[in-house]
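One structure is given below, encoded as structure tokens.
In the working numbering, the protein residues as written are 100 to 297.
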């Protein structure tokens, strides 16, 4: 690994607090929406349809697990794998699905959960992809955003933190598949030039 020292950018306590804040906002927005959808579909007093929470692999798995628990409401969970890399560390800028969503999407309200929105290429591609597949609505929840690196404008409906153009690891984020296990979000110094965090 061509990386150097690490320092904590966001402590586990700060991350936990952000997850709670985001979960409350998501629950507030979707509870009424899902009830209305259930009534509109003639379900009457039956349970409303569940929110479909889709985590972007691999980086979002820790954040998504904590968020899903903090939502404290019924959700359906699925994952999607998207790659902008053909091999190596240089992005092709052409996203492709490498692990598809198995849950039916048509007519569902979908919350996409990302660890970090960097260039916006992956997030923008996924939102468009889910809309084309017939989702009733698609919203984006991201733990981190680096607006200074944005190449594609994408609306983040629920955001934990805006950060500078730093290479971060921990809490699911990695460098060359390392450091995902760290409980804090840390800045990794001396990362190989040109390595993005999409």
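Glycine included, each C-beta is placed from N, C-alpha and C at the ideal position.
- If you keep only unbroken beta strand (DSSP E) runs of at least 3 residues inside the region 193–261, you get 208–216, 236–244 and 257–261.
- Taking every protein chain shown into account, the CB of residue 244 has 16 or more other CB atoms within 10 angstroms, so this residue is buried.
- Residue 219 and residue 246 have their C-alpha atoms spaced approximately 9 Å apart.
- A straight-line Cα-Cα distance of about 8 Å links residue 235 and residue 209.
- If you look at residue 105, you'll find it in the beta strand (DSSP E) that goes 105–109.
- Counting C-beta pairs closer than 8 Å gives fewer than three between the region 158–177 and the region 191–198, which falls short of the contact rule.
- DSSP places residue 283 outside both helix and strand once states are collapsed to three, so it counts as coil.
- About 4 Å separates the beta carbon of residue 105 from that of residue 285, a gap short enough to meet the 8 Å contact definition.
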